[in-house]
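Protein chains: 2
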Amino acid sequence: MASIKDVAAAAGVSVATVSRVLNSHPSVSPDARARVLGAVDSLGYRPNAVARSLRTAQTRTLGLVISDVLNPYFTELARSVEEEARALGYSVIIGNADEQPDIQDHHVRTLVDRRIDGLLVSPTDGGSPLMLEAARAGTPMVFVDRWIPGVDVPVVRSDGRAAVRDLVAHLHALGHRRLAIIAGPAATTTGSERVEAFREALAAYGISLPDAYIGQGDFQADSGRRATERFLALSEPPEVVFAADNLMALGALDAIRAAGLRVPHDIGLAAFDDIPWFVHTDPPVTAIAQPTKELGRAAVRALIDRIEGRPPQSVTLPARLVVRRSCGETKSPAPAPADTPTATTSTRRNP
Amino acid sequence: MASIKDVAAAAGVSVATVSRVLNSHPSVSPDARARVLGAVDSLGYRPNAVARSLRTAQTRTLGLVISDVLNPYFTELARSVEEEARALGYSVIIGNADEQPDIQDHHVRTLVDRRIDGLLVSPTDGGSPLMLEAARAGTPMVFVDRWIPGVDVPVVRSDGRAAVRDLVAHLHALGHRRLAIIAGPAATTTGSERVEAFREALAAYGISLPDAYIGQGDFQADSGRRATERFLALSEPPEVVFAADNLMALGALDAIRAAGLRVPHDIGLAAFDDIPWFVHTDPPVTAIAQPTKELGRAAVRALIDRIEGRPPQSVTLPARLVVRRSCGETKSPAPAPADTPTATTSTRRNP
DNA sequence: CACCGTCATGGAATCGATTACACGGAGAAT
DNA sequence: ATTCTCCGTGTAATCGATTCCATGACGGTG
Chain B
1030 MASIKDVAAA AGVSVATVSR VLNSHPSVSP DARARVLGAV DSLGYRPNAV
1080 ARSLRTAQTR TLGLVISDVL NPYFTELARS VEEEARALGY SVIIGNADEQ
1130 PDIQDHHVRT LVDRRIDGLL VSPTDGGSPL MLEAARAGTP MVFVDRWIPG
1180 VDVPVVRSDG RAAVRDLVAH LHALGHRRLA IIAGPAATTT GSERVEAFRE
1230 ALAAYGISLP DAYIGQGDFQ ADSGRRATER FLALSEPPEV VFAADNLMAL
1280 GALDAIRAAG LRVPHDIGLA AFDDIPWFVH TDPPVTAIAQ PTKELGRAAV
1330 RALIDRIEGR PPQSVTLPAR LVVRRSCGET KSPAPAPADT PTATTSTRRN
1380 P
Chain R
1030 MASIKDVAAA AGVSVATVSR VLNSHPSVSP DARARVLGAV DSLGYRPNAV
1080 ARSLRTAQTR TLGLVISDVL NPYFTELARS VEEEARALGY SVIIGNADEQ
1130 PDIQDHHVRT LVDRRIDGLL VSPTDGGSPL MLEAARAGTP MVFVDRWIPG
1180 VDVPVVRSDG RAAVRDLVAH LHALGHRRLA IIAGPAATTT GSERVEAFRE
1230 ALAAYGISLP DAYIGQGDFQ ADSGRRATER FLALSEPPEV VFAADNLMAL
1280 GALDAIRAAG LRVPHDIGLA AFDDIPWFVH TDPPVTAIAQ PTKELGRAAV
1330 RALIDRIEGR PPQSVTLPAR LVVRRSCGET KSPAPAPADT PTATTSTRRN
1380 P
C-alpha cells in the first residue's frame, strides 16, 4: 500500500508538503498542490489512520459498550449513536457485553488499549474496578441509560417515573389491584429504579408491593419466563405483570401462553421499552417508550463536548406511556400521556 | 499514560527487554522479567495498540459491514461474528450501511484506512467501485449472506431453495394457488435469488408468478407495507404473501391490519428469516430460518484463514422451514422440514 | 540599494512500539 | 587454558504520519 513517501516521490516534493496538502494547510503553492493531488489519485493513496493516530494522539473514534445487542432497545441506541458520531466526524466501535461483567471489562480494556478518544457505557453491573479506574485516569466517559452512582461521569438517560405513574393510573382505572413486576438486576440502576418508581406509584393508590410480586430477572427472556411461572403458581396470582424490559416481557408472554392463559383476559402484561414488534404481538403490548434516538444523540454530544474540552452536561429525557391492549380494554380513554416532553438538563455530573 | 519507556526506566532495563517480557520472548532472565512485571502493574501500564499496529502492520481487527443493524437477522449475525472473532483473538468493528450504498462505501473506506486485517461484507448493492477495488487490491475479504457475482471472494451464505420448495408445498397443501412475493432489491443476491427460488418452486406445481404478484421492496418495513397495499388493491388479490425478509413481513402485517383483514383467515403471510418475535405475533408467522449463528462463525473462520494464509473456503448452509399459523391451519401434518442439515463446502471462491 | 516580512519548502524529530544486530560474559568442549 | 556457543541485554532502525524550525526567494518599503 502506497505511503506518504511514495506520494512525495511521485510528486517530486517532500513528505512535509504532501502532508500539508492533505491537511489543507494554507501555505502550499497551487502547483505543488496539483502535483500532489495528481500523485495521490494515480497511486490510489489513502492516509494510514494508524500512523496518524500515533502521531496526533487522537483516533477520532468513540467506544460504545452496551449490555446486550440483541435487545432492540440497545440496537436502536447503538444505531443512533453511530449516526450522530458519523455526522460529527467520529467512528464508533461497539462492544457487546451480553450482560456479563467480564465481557464488559474485556471490551473496556481493548477499547482503551486502542486509545479511543472517549467511551460511552451502559454498565452491566455496579462498576468494575477496571471501569472506575479508567474513569479516574481521565478517559473521557459518559454513561447512557444505566449509570454508576458516585462516579463523576455525566449521565444521559431517560426518566420513567412519570410514565410509570401513568401506567399505574391506567391499570388502576381498569380495576386491577394486584400488580407484580419483573425487575432487572439490582446492581443496575435501571434494575432498581424501575421497581422503586413502580412501588411509589402504587403507594399513591394505597397499594403495596409484596415481595412475592417482585420477580428477580436479568433483562433476558428466560428470566422473564421463570419469574412469570412463579407468579402464576401463587395462590393469589397478580392481575397484571409489568416487565422491566422488553425481552423479559417476551419471556412472560411465553410463560403465560404455555400455562394456557390469555392476555389480557386472564392476566395483563406491560413492559418497559417500546419496540416496533409490540404493535404486532398477540395482543399488542402496552409499553413505556424511551426517546431512544434522542438519548443516543445527546450521549454522543455530551461525550464529544468532554473530549473537545467543553463542559459536558448530564441529560434526562422523559419516557412516555403507550397504551395498547395487553392490560385490558379501556372503556373510557386512558390518562393522556405526557405529550409535550421537555428535556431537563443540568450541569451537575451525576443527577 | 505510561509508555514502554516509563516501564523500562522504572524497571531499570531497556525498552527492548520490556517488549520481550510483554511478548513472552524466551530469552529474558527471571529477574528482569519480575522487575518488568512489577513496573508494569505499579504504573498501570497498557501497551499502545496503535503503536504496535503501526510497527507490526497488523491490527488484529476485522471489519463487518452489514446492510441494516435494526434487522434482527443482521443483529444476530453481528453478534455471532463478534463472538467467534473474540474467541480467535480478534476485535470487530461494525459498520451499518442502512441499505445505502454511499454509507456502505463510507464504512469500507474508514475501515480500510484503519488498516483492519480483513473485511466481512454483506453488500447493499451490486458492488461499488470502491469495494471492488479493495478486493482487487488484496484486502482479505469474505462475503456473508449477500454476495457479488464475478468477484473472486469467498462467500458464506445459506441456501433457501429447498426451504422455499417446502414452503410452497405447504401452501399448496393448504389449497392456496394465488401466491405473491415481496422481493428485495434486484441488485442484491438475496433480493433476486429468493424470487427465483419461489418462481421455480411454483413452477413445479404448474403455478406461474405474474408480475402483479411480485412486489418490489427494499428490505425495509415501509416497502413491505406499500407492496402489500398494492396487492390488496388488485381485482384478484393473492391468497398468500411471502415477504423476502422479516421487516417487510412486519410492514405487510401492518398493511393487512390497516385494511381490516385478518391473517390467515383473509390472507396468508410467510417470511424469509425467522426471528424470536414471530412466535408472538398475531398470528405466529411461518418463516424460513437461516442458521445465522453458524453463518457468522463460518464467515469469521473463512476470513481468518484468508488472513493467516490458509486457503479460505466458501460455505453454504441450508435454511429450513418453520411452520406456524400465519398461512392457515394445517389439518394434515406439513411436509417434514429438512431436519438433517448438511453443510456443503467448496474450495471454489464463488459458488 | 539595503533591509525586513512573508511565503513555500524541505530536513529532521517525534509518537510508542518491535526487532535485527552487536556485544559481553558464562559455561561447555577440546 | 583457549576457543566456541549460547544467552541476556542494549542500541538503534523502522513503521507512516505530523509539525517545528531553518532556509531561500521574492516583493515592498524607506
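Respectively, the protein sequence lines represent chains B and R.
Numbered per our numbering, the first sequence spans residues 1030 to 1380.
Numbered per our numbering, the second sequence spans residues 1030 to 1380.
Don't be surprised by glycine CBs; every beta carbon is placed ideally from N, CA and C.
Just so it is clear, the structure is predicted and the values come from calculations on it, not from any experiment.
Minimum Cα-Cα distance from Ala1045/R among the listed residues Ala1061/R, Asp1240/R, Leu1149/R corresponds to Ala1061/R. Within the segment 1197-1278 of chain R, the complete alpha helix (DSSP H) segments of 4 residues or longer fall at 1218-1232, 1250-1262, listed in chain order. Contact between the segment 1199-1216 of chain B and the segment 1343-1356 of chain B is present: 3 or more CB-CB pairs across the two stretches fall below 8 Å. For the segment 1130-1142 of chain R, the set of residues with a beta-carbon nearer than 7 Å to any beta-carbon of chain B comprises Thr1139, Val1141, Asp1142, in chain order. Per DSSP, the continuous beta strand (DSSP E) segment holding Ala1316/B begins and ends at 1315-1318. Cβ proximity to chain B below 8 Å picks out Val1098, Leu1099, Pro1101, Thr1104, Glu1105, Ala1107, Arg1108 from the segment 1096-1108 of chain R.
A direct Cα-to-Cα measurement between Gln1249/R and Ile1211/R gives close to 11 Å.
Of all alpha-carbon atoms in Asp1195/B, Arg1175/B, Ala1273/B, Arg1144/B, the one lying nearest the alpha-carbon of Ser1032/R is that of Arg1144/B.
For the segment 1292-1310 of chain R, the set of residues with a beta-carbon nearer than 8 Å to any beta-carbon of chain B comprises Pro1305, Trp1306, Val1308, His1309, Thr1310, in chain order. When DSSP states are grouped into helix, strand and coil, Ile1145/R belongs to the coil group. At least one C-beta of chain R is nearer than 8 Å to the C-beta of Ile1122/B. Pairwise C-beta distances place the segment 1260-1278 of chain B in contact with the segment 1300-1309 of chain B, as three or more of them are shorter than 8 Å. Going by DSSP, Ile1177/R is part of no alpha helix (DSSP H) at all; its letter is neither H nor E. Here the C-alpha atom of His1309/B lies approximately 46 Å from the C-alpha atom of Val1079/B. Comparing alpha-carbon positions, the option among Arg1255/R, His1136/R, Ser1043/R lying closest to Ala1287/R turns out to be Arg1255/R. Inter-segment contact for the segment 1116-1132 of chain R and the segment 1082-1094 of chain R is present: three or more beta-carbon pairs are separated by less than 8 Å.
The residues Gly1189, Arg1190, Val1193, in chain order, have a CB closer than 7 Å to that of Ala1226/R in the same chain once the five nearest residues on each side in sequence are set aside. Leu1290/B does not reach chain R, its nearest Cβ partner there being about 14 Å away, counting only Cβ pairs nearer than 9 Å. DSSP links Asn1125/R through a beta bridge to Ile1095/R.
For Gly1244/B, same chain residues with a beta-carbon under 6 Å away, outside a window of 5 residues either side, are Ile1211, Ala1256 in chain order. CA-to-CA, the gap between Ala1348/B and Thr1321/B works out to about 9 Å. In this structure, Pro1152/R sits near Ile1177/R, with a CB-CB distance shorter than 8 Å. Taking C-beta atoms under 8 Å as the contact rule, Glu1128/B and Asp1283/B fail to qualify, at a distance of about 19 Å. Per DSSP, Asp1188/B lies in no alpha helix (DSSP H); the unbroken beta strand (DSSP E) holding it starts and ends at 1184-1188. If you draw a straight line from the Cα of Ala1331/B to the Cα of Gly1147/B, it is about 10 Å long.
Look at Asn1052/B: its C-beta is not under 8 Å from any C-beta on chain R.
Burial of Glu1105/R is indicated by the presence of at least 16 other C-beta atoms within 10 angstroms of its C-beta. Under the 8 Å criterion on CB atoms, Ser1082/R is classed as interfacial with respect to chain B. Counting of Cβ neighbours within 10 angstroms places Thr1085/B among the exposed residues, the total staying below 16.
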